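Start counting the sequence shown at 35; every next residue gets the next number (my numbering).
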Amino acid sequence: MPTQSDAFPHAAHTSSTPMMLPAVGVDIGGTNTRIGLFPSFDAPTFTLLARFPTPQEYARQVEQICVTLRDHGLLNALAGIGVSIGGRLALDGRMVTIAPNLLDYVQQPLAADLEARLGCPACLAHDPVCGLLGEKRFGVLASSERCAYVTLSTGTGAAIHLEKAGVGVTVSIEIGHQLLDGNELRCLCGQVGCLEPFTGGRQLEQRYGRPIEQIQDPTFWETFSDKLALGLVNLAQLTKVEVIAVSGAIALYNPFLLPLLQQKIDARLNWTRLILIPARLKEDAPLVGAALLLATSEESILH
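In structure tokens, the structure reads:
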């Protein structure tokens with residue numbers, strides 16, 4: 035079994051050094067899970083090993099990941115496994131502490147369970163952190179020192195990256211759970227007044243009784259974009275980010291949304307500019323970023 039110093043690229047390799055063993059990235063979303071095999075960290079290319087509906091039961095998810103890798107002959111044969119997950123992590127990045135869309139995963143020893151079952155190190159991060167890592171390394175954020183990644187999907191997630199003179203930190207933030215004045219809707223997280231009841235796919239489907247892709251009403255999209263634009267303006271004012279890579283199914287399948295959001299943001303921001311750009315890696319950004327966790331210094335991510 036590889037030791038931590040042998041297998042963790044952030045301990046023994048750099049992102050431009052070939053791996054002696056392949057790595058696996060796993061993207062656990064609120065709707066689907068994908069597993070990819072990465073031969074190196076030098077390109078965002080991977081072999082998709084599996085895609086399946088995300089189990090709500092934690093034990094079933096761990097089993098399905100392990101069975102997939104066993105069936106491909108990868109047990110005890112990996113440099114490591116990186117996991118992107120739709121939930122807030124403990125400060126040490128070893129387990130999920132808050133996940134309104136994956137309740138059974140909360141307080142479960144995910145990293146330890148994967149390490150024990152797979153015989154390799156495991157790294158975890160919130161899915162927008164992984165999306166940002168993917169876009170920063172291979173996508174539209176490569177040249178940005180103050181940037182963010184926002185995902186519009188089952189939930190509404192974000193991460194920011196702030197950097198100076200080559201020293202940077204990537205931070206998971208709860209953009210979907212900022213409170214909006216005058217909003218009396220209860221969120222799945224338990225709070226009243228969150229942004230996410232207006233922008234999260236699962237909560238919108240519950241409220242409207244049908245999937246968001248079936249909603250064509252212009253009034254709906256005006257409300258959606260009004261609320262989200264306000265949340266993004268708040269993000270820009272609080273963090274000084276200058277560019278946001280936007281991904282997630284809601285953004286990818288509604289190409290009118292980003293121009294509409296940009297228009298509303300421009301109308302609200304007076305002293306600065308916030309630029310929205312479609313994520314170059316699209317839905318692959320969190321999966322690519324999950325693998326890149328293994329080539330990223332632990333100290334550069336705040337969970």
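Cβ coordinates follow ideal geometry from the N, Cα and C atoms, glycine included. Since we're looking at a predicted model, the values are computed, not measured.
Residue i to residue j span [Cα, whole Å]
i, j, result
"V130", "I246", "27 Å"
"I99", "G116", "12 Å"
"G70", "R85", "9 Å"
"L167", "A113", "19 Å"
"T51", "R171", "Note that T51 has pLDDT 42, beneath the 50 cutoff, so the model's placement of it is unreliable and the number below is only indicative. Looking at the two C-alpha atoms, the distance is approximately 14 Å."
"Q237", "M54", "44 Å"
"R302", "L103", "49 Å"
"H337", "I132", "12 Å"
"R151", "S74", "23 Å"
"L269", "A199", "23 Å"
"P320", "D161", "6 Å"
"V267", "I207", "15 Å"
"E197", "L125", "21 Å"
"S334", "L327", "10 Å"
"Q95", "L291", "33 Å"
"R307", "A263", "13 Å"
"Q202", "Q271", "The residue you asked about is not Gln; residue 202 is Gly in the sequence shown. The straight-line gap from Cα to Cα measures roughly 19 Å."
"R68", "F80", "11 Å"
"I309", "G189", "22 Å"
"I278", "E332", "23 Å"
"A145", "C154", "10 Å"
"C228", "E256", "18 Å"
"G165", "G265", "19 Å"
Which of helix, strand or coil DSSP assigns to residue i
i, result
"N268", "helix"
"H337", "coil"
"S206", "strand"
"P347", "Here the chain covers residues 35 to 337 and nothing more, so residue 347 does not appear."
"C164", "helix"
"A41", "Because the pLDDT at A41 is just 35, under 50, the model does not fix this residue reliably, and the point stays unresolved."
"I309", "strand"
"V101", "helix"
"D300", "helix"
"A192", "strand"
"E197", "strand"
"I249", "coil"
"T131", "strand"
"L175", "coil"
"P87", "strand"
"F232", "helix"
"T275", "Note on residue identity: the sequence assigns Val, not Thr, to residue 275. Coil."
Pair within 7 Å by beta-carbon distance, residue i and residue j
i, j, result
"V163", "R314", "no"
"V280", "V205", "no"
"L286", "K261", "no"
"P134", "L213", "no"
"A325", "A57", "yes"
"N66", "T88", "yes"
"S187", "A283", "yes"
"G127", "L158", "yes"
"C181", "V322", "no"
CB-CB length for residue i against residue j, believed under 8 Å
i, j, result
"F254", "T233", "That pair is no contact at about 11 Å."
"G210", "E179", "No, G210 and E179 are not in contact; Cβ-Cβ is about 25 Å, not under 8 Å."
"L83", "H106", "6 Å"
"E239", "V226", "Contact doesn't hold; Cβ gap of about 20 Å is too wide."
"P78", "D318", "7 Å"
Any non-hydrogen atom of the ligand HEM closer than 6 Å to residue i Cβ
i, result
"L144", "In terms of ligand content, the structure shown is empty, and the ligand HEM therefore cannot be addressed."
| Are the stretch 292-300 and the stretch 132-151 touching by the rule of at least three beta carbon pairs closer than 8 Å? | No: fewer than three Cβ pairs fall under 8 Å.
| said: When you compare the stretch 56-64 with the stretch 105-123, are there three or more beta-carbon pairs, one atom per stretch, that lie closer than 8 Å? | reply: Cβ pair count under 8 Å is three or more, so yes.
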